[in-house]
Structure formats: C-alpha cells, structure tokens
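Reviewing the structure listed below.
Protein chains: 2
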Amino acid sequence: MSPRKPSSEVLTKEEIVNAARHQFIAKGFEKVTMRGVASQLGCSHGALYYHFKNKIELFYAVVEKDFEHLNQLLKEIINSTKENHQKLLDILICFMKFGLNHQKQYEFMFMMKNAEVDSLAHEAATKSYYQFEYAILQLKNQNTEPSLIYSAFVALHGFVSHHCGYVKEYNEVKEYAEAHALFIIKGLA
Amino acid sequence: MSPRKPSSEVLTKEEIVNAARHQFIAKGFEKVTMRGVASQLGCSHGALYYHFKNKIELFYAVVEKDFEHLNQLLKEIINSTKENHQKLLDILICFMKFGLNHQKQYEFMFMMKNAEVDSLAHEAATKSYYQFEYAILQLKNQNTEPSLIYSAFVALHGFVSHHCGYVKEYNEVKEYAEAHALFIIKGLA
DNA sequence: TCCTCTATTGACCATTGGTTAATAAAAAGT
DNA sequence: ACTTTTTATTAACCAATGGTCAATAGAGGA
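Those sequence lines, one after another, are chains F and R.
Residue numbers for the first sequence follow the working numbering, beginning at 394 and rising by one.
Residue numbers for the second sequence follow the working numbering, beginning at 394 and rising by one.
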C-alpha cells in the first residue's frame with residue numbers, strides 16, 4: 394500500500410536478476426511476465442522498471458552471467474596441464490556438456506533469434522567464438538585453416554542445438570557426443 | 394458491416410495462409426498479429442478463428458509447405474543421374490543453400506523452440522532427417538556408422554543455424570559452405 | 001526540523017490472443 | 001418461389017501483457 398518499503402526489504406538488482414533467472418529457465422523468455430517476476434519478489438511490476446529499462450534488459454542481465462560461466466570453464470581447460478590433444482578433446486566435450494546441461498541458458502546465448510534480444514547476445518557469442526578459435530589455434534597447428542576452425546565450431550554448435558530440448562541432460566547422449574568430437578577432430582586434421 | 398461477405402470474396406484457407414506466410418517471414422512469429430493478418434485480408438480477426446483454431450495452427454499451415462519444399466529439393470538430387478560422390482556433395486550444399494536462402498523458413502522448421510509450435514514441427518523435422526539419413530546410406534557405404542551420419546547432419550544444421558540472420562543469402566558464405574561440406578565428407582569417411 | 005533524493009506503488013494505456021452471440025449470404029429442401 | 005438450414009463473418013467482449021507516470025512514503029543529510 395505504501396509507496397516505499399522499509400529499508401530492510403528494498404529491492405536489489407541482484408535479487409531481481411536471480412528471480413528472473415529462475416523464471417526464464419523454467420518458462421522461457423516469452424512466457425515470463427514482469428508481473429510474475431514482481432509477484433515472486435513481493436513487489437509491484439512497476440518497481441522492476443525502476444531497475445531495468447524493460448524486459449529485454451532484465452533478460453540480458455541474466456544471460457550475461459551465463460557467458461561468463463562458459464568462458465570460465467573453457468579457460469580452466471586451456472590453463473590445465475594436460476597434453477594438447479587431450480585439451481582439444483576436453484574443450485569439445487566441455488562445450489557440448491555445458492550446452493546440454495544448461496539447455497535453456499544455451500538457447501538464450503546462442504539460439505535465440507529474437508531481434509531485440511539478439512543484438513545484445515550476439516556480441517557476447519562472438520566473443521565466445523574467438524576464445525574457441527584461439528584455443529584451437531593454440532592446441533593444434535598454428536596455421537590451421539580458419540575455415541576449418543569455423544567448421545568445427547558450427548559442427549559443435551549444431552550438435553548442441555539439435556539436441557536442445559529433446560534430451561534431459563548431457564549423459565543421455567554422451568556416446569554420441571564423444572563420437573561427434575572425434576568426427577570433428579577428424580575434420581580438423 | 395454485414396456479417397457475411399458476398400461469395401466472390403469469401404476467405405479461403407489458402408488466401409489466409411499466403412497472407413500469413415508473408416507476414417511471418419517478414420516479421421517472425423511473435424510480431425505477427427492475427428489482427429494484422431486480418432487487416433491485410435480485409436476481414437476481422439475473428440474470421441481467422443473460423444478457419445484456424447489459433448495462431449499456432451495457422452503458423453503450422455505455413456511451415457508444412459516449407460518442409461514439402463525442402464524434401465522435394467532433396468528428392469530431385471537423389472533421383473538425378475549424377476555420380477554418387479557428387480550427389481552427396483550436392484545434398485550437403487543443397488541443404489545449406491536452402492537454409493540460407495530461406496532463412497526465416499529454416500528457423501521456423503528447425504530452430505524454433507517455442508514449446509507449442511515445436512510439437513508440430515518436430516515431427517516434420519524428424520522426417521526430413523530420416524530422408525537425409527537414407528540418402529547418405531545410399532550414396533555412401535551401406536554400413537556407414539549411424540552416429541557418423543548423425544554427426545554429419547548436425548554439423549550441417551550447425552552451419553546454417555550459425556549463419557542464419559547474420560548473412561543475407563547463401564552466396565555470401567558460399568566458400569565457407571563448400572569448405573564445410575568437405576569437412577563433413579572428411580568426417581564421414 | 002526541514003529538505004532532497006530514492007524507491008515504490010497503483011492507476012492507467014494500448015495492444016494482444018482468444019471467445020461468442022448475433023446475423024447476413026449461400027445452399028439445400030420443398 | 002418460398003422456407004429452412006448451414007456457413008462464414010462481424011463486432012463487442014475478456015483477461016493478460018509490456019510499458020508509463022504522477023503521487024508519495026521512507027531514508028539520510030544539513
């Protein structure tokens with residue numbers, strides 16, 4: 394009723410993003426409503442617009458963290474002490490594992506074609522790709538054809554995106570994924 | 394004003410689908426409104442619900458034809474008189490060409506993750522995949538590993554879906570596509 | 001105590017997908 | 001030719017949505 398809450402319950406951006414993340418993952422972009430998020434937080438939907446310009450900006454705040462997560466995973470592999478060929482395999486597997494164990498997030502990051510959202514996510518996706526390219530170049534011959542690396546990346550992406558939504562988790566297609574990794578390495582040679 | 398039009402202008406399903414197709418391709422699923430389609434047809438939006446249960450059913454009527462189109466293209470290659478290895482290459486190229494010259498349609502067919510729409514499109518997509526698998530089996534060794542064919546298909550899909558929306562037409566990435574086709578054939582060996 | 005800034009409310013708007021009673025035109029029956 | 005039935009359409013209606021904004025209660029400083 395009162396137009397402002399006591400200081401102990403003021404909204405923080407982080408609380409909003411967390412609530413929104415849960416709902417986006419559970420229901421997908423379209424079916425999440427600002428009112429629904431607000432109600433989970435116990436505030437009016439208008440309040441959200443004080444912290445985020447619109448639904449898309451709130452959504453992107455969620456997605457941004459997922460890119461950080463993936464980039465972190467890849468970085469760890471690159472900095473590990475394993476042998477190069479194994480690292481390469483690990484990277485391919487890691488990407489697929491991430492995609493299929495965080496499917497909704499992967500969709501948001503690499504598969505959403507919504508024009509408004511996309512302009513934001515595309516930049517981050519491109520960054521992820523460069524990291525991938527850089528890793529491959531380091532792990533394989535330095536003068537690997539760029540087009541081969543590109544083919545490897547899109548083949549990887551194809552695997553994840555094709556299974557997204559039709560399996561529950563990575564383990565269900567573990568064998569296929571490993572075969573696909575070998576398929577890609579064969580193509581890279 | 395009158396509750397029924399003279400017989401010369403009664404709506405047909407086909408007219409509706411054509412108008413809808415244009416709008417879906419131009420604006421994407423979410424941004425097309427039943428009112429918008431109705432207004433292009435010069436009728437009230439309620440009239441559309443007489444012919445189609447809801448927006449999704451109207452949408453699927455559009456997509457169905459696109460699957461027929463792609464299947465037809467693939468069939469023509471298979472029935473051609475070329476040599477097997479060339480046919481295989483043709484199929485791979487044809488798929489990418491279709492995807493990138495009819496990007497919105499490809500999105501609708503293979504990339505849309507909308508839960509409601511998807512249940513319908515998924516069946517048709519699976520059918521397309523079986524046709525692909527059958528063709529590869531015929532063109533390559535009959536006992537090609539199924540997992541290899543699967544990898545080939547998802548690699549192909551990955552190429553299209555990765556470029557979808559970021560290039561205007563197939564010709565812009567023709568060289569990459571041809572390299573990718575060779576990459577896939579290498580993996581299939 | 002007064003003032004300013006901050007965060008929140010709730011009423012409001014236009015637009016959307018979808019439903020439905022009313023009904024005019026067409027078709028079928030006689 | 002008249003009546004009845006069926007068909008296709010309208011327009012008014014509903015609940016929900018994303019988004020805007022004036023009003024205002026609380027917090028913190030002077």
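Where a beta carbon is used, it is the ideal one built from N, C-alpha and C, also for glycine.
- Taking CB atoms only, K520(F) has no neighbour in chain R less than 9 Å away.
- When CB distances to chain R are screened at a threshold of 9 Å, the residues of the segment 539-554 of chain F falling below it are S540, L541, Y543, S544, A545, F546, V547, A548, L549, H550, G551, F552, V553, S554, in chain order.
- Of the other Cβ atoms in all chains shown, fewer than 16 fall within 10 Å of the Cβ of G439(R); this residue is therefore exposed.
- Taking a Cβ-Cβ threshold of 9 Å, the residues of chain F close to A572(R) are E538, S540, L541, Y543, S544, in chain order.
- Annotation: M427(F) has no Cβ neighbours in chain R at a cutoff of 8 Å; minimum Cβ distance is about 16 Å.
- If you look at A582(F), you'll find it isn't in any alpha helix (DSSP H); DSSP assigns it neither H nor E.
- A direct Cα-to-Cα measurement between S401(F) and V430(F) gives close to 20 Å.
- E450(R) sits in a helix when the DSSP states are folded into three classes.
- For the segment 485-552 of chain R, the full-length alpha helix (DSSP H) segments reaching 4 residues or more read 496-499, 508-532 along the chain.
- Its chain contains I529, L530, L581 as the residues whose beta carbon lies nearer than 8 Å to that of T537(F), once the 5 sequence neighbours on both sides are disregarded; these appear in chain order.
- About 17 Å separates the beta carbons of L541(R) and K480(R), which is beyond the 8 Å limit, so they are not a contact pair.
- Nearest Cα to E457(R) within the set K520(R), Y443(R), K579(R), Y563(R): K520(R).
- Rounded to the nearest whole angstrom, the CA to CA distance from S395(R) to Q433(R) is 18 Å.
- The three-state secondary structure of S554(R), taken from DSSP, is helix.
- Taking a Cβ-Cβ cut-off of 9 Å, the neighbours of M504(R) in chain F comprise M504, K506, S554, given in sequence order.
- Under the 9 Å criterion on CB atoms, A514(R) is classed as non-interfacial with respect to chain F.
- The residue among H444(F), A413(F), K579(F) with its C-alpha nearest the C-alpha of V403(F) is H444(F).
- Within the same chain, L532 come within 6 Å of N477(R) by CB-CB distance, once the 5 residues on both sides are set aside.
- For G429(R), the uninterrupted alpha helix (DSSP H) run begins and ends at 427-434, by DSSP.
- Here the segment 468-477 of chain F makes no contact with the segment 550-565 of chain F; the two share fewer than three CB pairs at distances below 8 Å.
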